[in-house]
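One structure below.
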Amino acid sequence: MRQKTLPISLSQEAIKQFCKRHAIRKLSLFGSVLRDDFTKESDVDVLVEFEPGKTPGLAIITMEDELSNIVNRQVDLRTAADLSRYFREQVLAEAMIIYEQN
194 MRQKTLPISL
204 SQEAIKQFCK
214 RHAIRKLSLF
224 GSVLRDDFTK
234 ESDVDVLVEF
244 EPGKTPGLAI
254 ITMEDELSNI
264 VNRQVDLRTA
274 ADLSRYFREQ
284 VLAEAMIIYE
294 QN
C-alpha cells in the first residue's frame, strides 16, 4: 500500500468487513481523492476486484450505497472492466490499494 495522506477518513476495519461481505478481493481508490483537485463536493472513485465468479451484477448499486455510508461521501464503484480502455492502464497504475485479500 502506498503511503499518502488521504483527504477522507477510512475505517480499515469497516472496509475489511465490507470487502469480506461482498467477496471483494481488492479495493483501491483512484481519481481526485488521490490528487490535489479533490474538493468537499467530490465523490470517491473506488476500484474493486471480486473473487472469481462473484461479480454482483446490479447489486453493485446497493454496494455503492453501503460504501458511501462507510466513507461518509458519495462513492463511484467500478471494476477494471468498467473503465474506458483509453485510461484503464493509467487508473490501474495510479490506484491506491486500501484492502487486499491475503
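Per this note's numbering, the very first residue in the sequence shown carries number 194; after that it's consecutive. Glycine included, every Cβ here is placed at the ideal spot set by N, Cα and C. All values reported here derive from a predicted model rather than from experimental measurement.
- By the Cβ criterion, the segment 255–263 is not in contact with the segment 275–282, since fewer than three pairs of Cβ atoms, one from each stretch, lie closer than 8 Å.
- Contact between the segment 245–257 and the segment 225–233 is not established, with fewer than three Cβ pairs separated by less than 8 Å.
- Secondary structure at I263: helix, using DSSP grouped into helix, strand and coil.
- Per DSSP, the beta bridge partners of V239 are L222 and L270.
- In this structure, D238 keeps its C-beta atom at 9 Å or more from the C-beta atom of L220.
- The beta carbon of G224 sits closer than 6 Å to the beta carbons of D238 from its chain, once the five residues preceding and following it are set aside; these are given in chain order.
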